[in-house]
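*Asks:* My questions will all concern the structure given below.
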Amino acid sequence: MAFLSLLTSRNLHSHLFHSALTGGLLFLCLLANMTVIASPTPTPLTILITSKLEPDDPPSSQRASYLQQPPKAKAVEGEDVVFPCFLQSDVDEVQAVEKVRWYVQSLEGRKNVLQGNKTVEEEFAGRVFLSGDLSEGDLSMTLRNISVEDQGLYLCSFISTHSTVLQGGGTKLSIRKGLGMIEESVGTIIGIAVAVVGVAAGLAAVILTQFKDKLNCLQK
Numbered sequence: 001m002a003f004l005s006l007l008t009s010r011n012l013h014s015h016l017f018h019s020a021l022t023g024g025l026l027f028l029c030l031l032a033n034m035t036v037i038a039s040p041t042p043t044p045l046t047i048l049i050t051s052k053l054e055p056d057d058p059p060s061s062q063r064a065s066y067l068q069q070p071p072k073a074k075a076v077e078g079e080d081v082v083f084p085c086f087l088q089s090d091v092d093e094v095q096a097v098e099k100v101r102w103y104v105q106s107l108e109g110r111k112n113v114l115q116g117n118k119t120v121e122e123e124f125a126g127r128v129f130l131s132g133d134l135s136e137g138d139l140s141m142t143l144r145n146i147s148v149e150d151q152g153l154y155l156c157s158f159i160s161t162h163s164t165v166l167q168g169g170g171t172k173l174s175i176r177k178g179l180g181m182i183e184e185s186v187g188t189i190i191g192i193a194v195a196v197v198g199v200a201a202g203l204a205a206v207i208l209t210q211f212k213d214k215l216n217c218l219q220k
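Put into structure tokens, the structure is as follows:
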């Protein structure tokens, strides 16, 4: 009996010791966790530094040089005709008379009209000259006392600073004989006469109708 009591007492002490040890360890763990929570480790702050850089200037798009011409022109035989031609360019072109050329394309082929301000073909001698302001890029040409034989496509060209030949789309010249104006005038006169006759006939019909009505009233 004494032996059993001693064994039971030792087991009890051992159990109490283990319980106390376990409780102590749990307390230490709890204390450590509370310390960590109370003073958390500072999280490093990440700072993003941005710098506003000005974008590179885009390359300047340089507009190509070109010549601008109206597509059509009409005239009557014997008149003077101006062929407009304008140089459009962002480049500082040297406006020189020697760089300007004018041609005409017709059923007979291609002919030189002007080189600079000089005529090449005999048929244009004394009738053609540059009439625009070259300093403003105006390469216009005037052709005087035109005839039906002058019909065709007139092309303006210019030798640019970089030795590139620029050429316009051309102006197609249509010419009527001087008699065409008389025919037009006669046609206009006939049209007006017909209109006047029609109006007069209408008025006459109205007057006759009213006269008949009054005549019937008087007879009654």
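Every letter in the sequence shown is one number past the one before it in full-length UniProt numbering, and letter 211, counting from 1, is 211. Positions of the beta carbon are idealized from the N, C-alpha and C atoms, including for glycine.
Whole-angstrom Cβ separation of tryptophan 102 and tyrosine 154, contact assumed at under 8 Å?
*Replies:* Sure, about 7 Å apart at Cβ, within 8 Å.
*Asks:* Considering only the beta carbon of each residue, do leucine 143 and arginine 127 sit closer than 8 Å?
*Replies:* Yes, the Cβ-Cβ distance between leucine 143 and arginine 127 is below 8 Å.
*Asks:* According to DSSP, what are the bridge partners of serine 160?
*Replies:* Answer is none; serine 160 lacks a bridge partner.
*Asks:* I want to know whether the region 164-180 touches the region 110-120 - three or more CB-CB distances under 8 Å.
*Replies:* No, they do not touch.
*Asks:* Counting along the chain, where does the beta strand (DSSP E) carrying lysine 111 start and finish?
*Replies:* It spans 109-115 - the beta strand (DSSP E) in which lysine 111 sits, taken as one unbroken run.
*Asks:* Here's the rule I'm using: 16 or more other beta-carbon atoms within 10 Å means buried, otherwise exposed. How should leucine 203 be labelled?
*Replies:* It is exposed - the Cβ of leucine 203 has fewer than 16 other Cβ atoms within 10 Å.
*Asks:* Going by C-alpha to C-alpha distance, which of Asp150, Gly168, Ala201 sits closest to proline 70?
*Replies:* When only C-alpha atoms are compared, the closest one is Gly168.
*Asks:* Rounded to whole angstroms, what is the Cα-Cα separation between glycine 132 and phenylalanine 124?
*Replies:* Cα to Cα, glycine 132 sits roughly 18 Å from phenylalanine 124.
*Asks:* Using the Cα positions of glutamine 151 and glutamine 95, report the straight-line distance between them to the nearest angstrom.
*Replies:* So the two alpha carbons sit approximately 29 Å from each other.
*Asks:* Grab the span of the beta strand (DSSP E) containing phenylalanine 124 for me, first residue to last.
*Replies:* Counting along the chain, phenylalanine 124 falls outside any beta strand (DSSP E), and DSSP gives it neither H nor E.
*Asks:* In this structure, how does DSSP classify aspartate 90 when only helix, strand and coil are distinguished?
*Replies:* The answer is coil: DSSP assigns aspartate 90 none of H, G, I, E or B.
*Asks:* Taking the alpha carbon of phenylalanine 83 as the point to measure from, which residue in Lys72, Lys99, Lys177, Gly178 has its own alpha carbon closest?
*Replies:* Comparing Cα positions, the closest option is Lys72.
*Asks:* Thinking C-alpha only, which one of Glu79, Gln68, Val100 is nearest valine 165?
*Replies:* Out of Glu79, Gln68, Val100, Val100 has the C-alpha closest to the C-alpha of valine 165.
*Asks:* From glutamate 79 to threonine 209, what distance separates their C-alpha atoms?
*Replies:* Taking the straight line joining both Cα atoms gives about 54 Å.
*Asks:* Using 8 Å for Cβ pairs, my map puts valine 148 next to lysine 177. What's the rounded Cβ distance?
*Replies:* Yes, valine 148 and lysine 177 are in contact; Cβ-Cβ is about 7 Å, under 8 Å.
*Asks:* Mind reading off the beta-carbon distance from threonine 161 to valine 97? Whole number of angstroms is fine, and I expect it under 8 Å.
*Replies:* In fact, because the Cβ distance is near 15 Å, the residues do not count as touching under 8 Å.
*Asks:* Assuming the contact rule is C-beta atoms closer than 8 Å, asparagine 146 and glutamate 77 should be a hit. Round their C-beta distance to whole Å, please.
*Replies:* The question names asparagine, but residue 146 in the sequence shown is isoleucine. The pair is a contact, with the Cβ atoms about 7 Å apart (cut-off 8 Å).
*Asks:* Quick check on glycine 152: does DSSP put it in helix, strand or coil?
*Replies:* Glycine 152 falls in the strand class under three-state DSSP.
*Asks:* Assuming arginine 176 is part of the beta strand (DSSP E), what are its boundary residues?
*Replies:* It spans 171-176 - the beta strand (DSSP E) in which arginine 176 sits, taken as one unbroken run.
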